[in-house]
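Position one of the sequence shown corresponds to residue 382 (our numbering), numbered consecutively onward.
Cβ coordinates follow ideal geometry from the N, Cα and C atoms, glycine included.
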Amino acid sequence: MSINYQDRIPNNVDLGSNRILQRALEHWQPEFLKWWEELGPKNFQVADVYLRTATSVDAKGWATYGYVRMPEYRWGIFLNERDPNRRIGFGDNFGQEVWQQVPGEYRATLRRLIVTQGDTEPASVEQQRMLGHTAPSLYDLRNLFQVNVEEGRHLWAMVYLLHAYFGRDGREEAEELLERHSGDADKPRILGTFNEPIRDWLSFFMFTYFTDRDGKFQLKSLAESSFDPLARTCQFMLTEEAHHMFVGDTGITRAVKRTVEVMKELNTEDPQAIRNAGAIDLPTIQKYLTFWFTSSLDLFGSETSSNAASYFANGLKGRPDEAQYEDHVAIDQVYEVQLPDGAGGTKSEQIPMRNAMNEVTRSSYVRDCEIGVKRWNRLIEKAGLSFRLSLPSTRFRRNIGNWAGVPTTPEGVPITAEQFAAGERGWLPSESDQAFVLSLMQGVHQQGKMAAWIAPPERGINNNPVDYEYVKLH
Ligand SMILES: [Fe+2]
Ligand SMILES: [Fe+2]
Numbered sequence: 382m383s384i385n386y387q388d389r390i391p392n393n394v395d396l397g398s399n400r401i402l403q404r405a406l407e408h409w410q411p412e413f414l415k416w417w418e419e420l421g422p423k424n425f426q427v428a429d430v431y432l433r434t435a436t437s438v439d440a441k442g443w444a445t446y447g448y449v450r451m452p453e454y455r456w457g458i459f460l461n462e463r464d465p466n467r468r469i470g471f472g473d474n475f476g477q478e479v480w481q482q483v484p485g486e487y488r489a490t491l492r493r494l495i496v497t498q499g500d501t502e503p504a505s506v507e508q509q510r511m512l513g514h515t516a517p518s519l520y521d522l523r524n525l526f527q528v529n530v531e532e533g534r535h536l537w538a539m540v541y542l543l544h545a546y547f548g549r550d551g552r553e554e555a556e557e558l559l560e561r562h563s564g565d566a567d568k569p570r571i572l573g574t575f576n577e578p579i580r581d582w583l584s585f586f587m588f589t590y591f592t593d594r595d596g597k598f599q600l601k602s603l604a605e606s607s608f609d610p611l612a613r614t615c616q617f618m619l620t621e622e623a624h625h626m627f628v629g630d631t632g633i634t635r636a637v638k639r640t641v642e643v644m645k646e647l648n649t650e651d652p653q654a655i656r657n658a659g660a661i662d663l664p665t666i667q668k669y670l671t672f673w674f675t676s677s678l679d680l681f682g683s684e685t686s687s688n689a690a691s692y693f694a695n696g697l698k699g700r701p702d703e704a705q706y707e708d709h710v711a712i713d714q715v716y717e718v719q720l721p722d723g724a725g726g727t728k729s730e731q732i733p734m735r736n737a738m739n740e741v742t743r744s745s746y747v748r749d750c751e752i753g754v755k756r757w758n759r760l761i762e763k764a765g766l767s768f769r770l771s772l773p774s775t776r777f778r779r780n781i782g783n784w785a786g787v788p789t790t791p792e793g794v795p796i797t798a799e800q801f802a803a804g805e806r807g808w809l810p811s812e813s814d815q816a817f818v819l820s821l822m823q824g825v826h827q828q829g830k831m832a833a834w835i836a837p838p839e840r841g842i843n844n845n846p847v848d849y850e851y852v853k854l855h
């Protein structure tokens with residue numbers, strides 16, 4: 382039986398004439414669908430969801446909207462168009478031709494980089510699988526599912542690279558991507574943040590704001606790679622990733638907006654009064670922000686890293702927006718990092734720039750995170766309220782890197798373990814904070830209705846009204 386690959390798996394990698402790839406994917410696709418049924422969004426598999434699907438990489442095809450049942454979503458394989466003049470943009474081989482095949486000496490490292498990125502995609506679907514039940518509106522429910530199917534597509538994109546360029550080891554890695562599961566005691570996902578459960582929508586919005594933004598910066602680094610198919614895959618994924626961060630950004634904005642409305646109505650800044658009125662008090666929003674921001678900081682790795690240095694030297698993983706830097710070889714430069722001095726204080730140290738690439742990327746990420754915080758604070762300030770949200774120091778609550786296990790205040794001042802234990806309840810979501818937020822999570826699945834803890838969005842999806850029937854439940 383001949384299969385129309387363009388229908389089943391929209392692609393621009395000429396899947397229709399590549400028999401080896403077809404066979405590999407034919408074996409993998411049923412496993413993927415089984416995984417989706419078991420660990421994808423729970424209980425909404427027969428709903429008709431107003432989703433966008435990428436059917437080509439051009440302006441017309443990359444976002445085609447229509448009602449789809451999620452298991453029938455057409456997960457495609459797309460790479461940005463090849464630029465025949467593209468040259469290696471950084472590192473020791475700067476200026477040479479980019480690679481269309483994997484160089485033997487970097488095979489294991491590139492495979493590891495692809496697997497580590499690929500592992501995060503299905504992980505987040507698993508983390509979010511119960512959220513459909515408690516969606517604050519059909520608009521939000523649809524956005525959740527849009528994020529989920531696209532993370533599924535990102536998994537496909539990475540599996541394509543493994544199948545097409547890494548032979549048998551690649552196929553084995555592709556299988557293992559479906560065998561590890563978020564939070565699994567025996568086979569957890571590779572990176573810590575992707576094993577944290579997401580039980581409520583405040584966490585979901587924080588995750589899509591902070592953790593998908595980590596994804597953005599990882600993809601930007603890989604989009605610079607000298608391995609051209611990887612670079613082009615990541616460039617296309619970034620177009621979809623923007624919507625995930627939009628969901629987080631506007632979700633937090635709407636929660637803050639509703640809280641501020643309640644504070645104004647009641648003329649109080651008392652958190653308990655806000656909670657009694659069914660909104661999330663700003664100190665609790667701050668704690669969730671602190672949790673997910675700090676958890677995401679670890680994803681960039683250690684401040685000083687010889688791995689990062691060799692990824693850069695070898696041209697495997699660059700700095701986000703490498704073109705903005707003047708020196709793409711970065712061999713004689715230094716970077717100043719703040720490290721714990723081992724005696725309860727801090728010291729600054731100059732390290733070779735190449736070893737500081739994780740920190741360089743993390744710093745760009747922090748600046749990007751600040752944009753939303755400023756906007757949320759303007760909302761609060763305009764209402765005449767004194768509370769301000771803020772990003773904690775990058776030293777706070779770290780589990781990876783030079784600050785791992787070093788207790789500090791949210792401002793980054795080293796303190797004793799006892800002081801940290803005493804302050805923790807005020808800095809991070811406590812059990813009772815989590816129980817309160819969970820208590821607000823009642824699914825609102827009627828068309829045009831919105832949960833009381835969150836303001837409606839400014840506009841709908843694809844020029845449709847906010848009260849459009851974004852999900853048809855049966
Ligand atoms: Fe993704
Ligand atoms: Fe994402």
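With DSSP as the reference, identify every bridge partner of residue i, one or two as the case may be.
{"i": "Q731", "result": "E717"}
{"i": "K853", "result": "D429"}
{"i": "I458", "result": "N392"}
{"i": "E622", "result": "Looking at the DSSP assignment, E622 forms no beta bridge with any residue, so it has no partner."}
{"i": "R468", "result": "E478"}
{"i": "P795", "result": "T789"}
{"i": "F526", "result": "Per DSSP, none; premise fails for F526."}
{"i": "T434", "result": "T445"}
{"i": "F413", "result": "According to DSSP, which records beta bridges pairwise, F413 is partnered with nothing at all."}
{"i": "F608", "result": "W480"}
Could you give the residue range of the alpha helix (DSSP H) that holds residue i?
{"i": "Y669", "result": "L663 to L678"}
{"i": "Y446", "result": "Unbroken run through Y446 is the beta strand (DSSP E), T445 to R450; no alpha helix (DSSP H)."}
{"i": "N845", "result": "Note, N845: premise wrong, no alpha helix (DSSP H); not H, not E."}
{"i": "K423", "result": "Segment: none, K423 is in no alpha helix (DSSP H) and carries neither H nor E."}
{"i": "F598", "result": "D593 to L603"}
{"i": "F588", "result": "That residue, F588, is in no alpha helix (DSSP H); it is neither H nor E in DSSP."}
{"i": "I752", "result": "M738 to K763"}
{"i": "E812", "result": "E812 to L821"}
{"i": "T490", "result": "R488 to Q508"}
{"i": "Q653", "result": "P652 to N657"}
{"i": "D550", "result": "G548 to E560"}
What does the alpha-carbon distance come out to for the pair residue i and residue j?
{"i": "N461", "j": "S398", "result": "19 Å"}
{"i": "Q527", "j": "I712", "result": "42 Å"}
{"i": "L613", "j": "V394", "result": "At residue 613 the sequence reads Arg, which differs from the Leu that was named. Spanning the two alpha carbons is a distance of roughly 11 Å."}
{"i": "R561", "j": "P569", "result": "5 Å"}
{"i": "Q653", "j": "A516", "result": "24 Å"}
{"i": "M382", "j": "E507", "result": "Because M382 carries a pLDDT of 42, less than 50, the predicted location of this residue cannot be relied on, and no value is offered for it."}
{"i": "R510", "j": "F608", "result": "33 Å"}
{"i": "V852", "j": "I633", "result": "22 Å"}
{"i": "G786", "j": "N843", "result": "46 Å"}
{"i": "R493", "j": "F547", "result": "11 Å"}
{"i": "K645", "j": "D662", "result": "12 Å"}
{"i": "V530", "j": "T434", "result": "9 Å"}
{"i": "V718", "j": "A405", "result": "46 Å"}
{"i": "L491", "j": "L697", "result": "7 Å"}
{"i": "S771", "j": "K597", "result": "21 Å"}
{"i": "T790", "j": "R656", "result": "26 Å"}
{"i": "Y669", "j": "E703", "result": "32 Å"}
Could you work out which residue in the options is closest to residue i when comparing CA atoms only?
{"i": "T436", "options": "Y446, V430 and A428", "result": "Y446"}
{"i": "P773", "options": "A538, G807, I579 and E762", "result": "G807"}
{"i": "M831", "options": "F598, V747 and Y520", "result": "Y520"}
{"i": "W784", "options": "G726, T589, R455 and Y746", "result": "G726"}
{"i": "T620", "options": "A444, P701 and G485", "result": "A444"}
{"i": "N524", "options": "R776, F598, R455 and V430", "result": "V430"}
{"i": "R594", "options": "E605, V628, R488 and G457", "result": "V628"}
{"i": "Q482", "options": "D473, H544 and R455", "result": "H544"}
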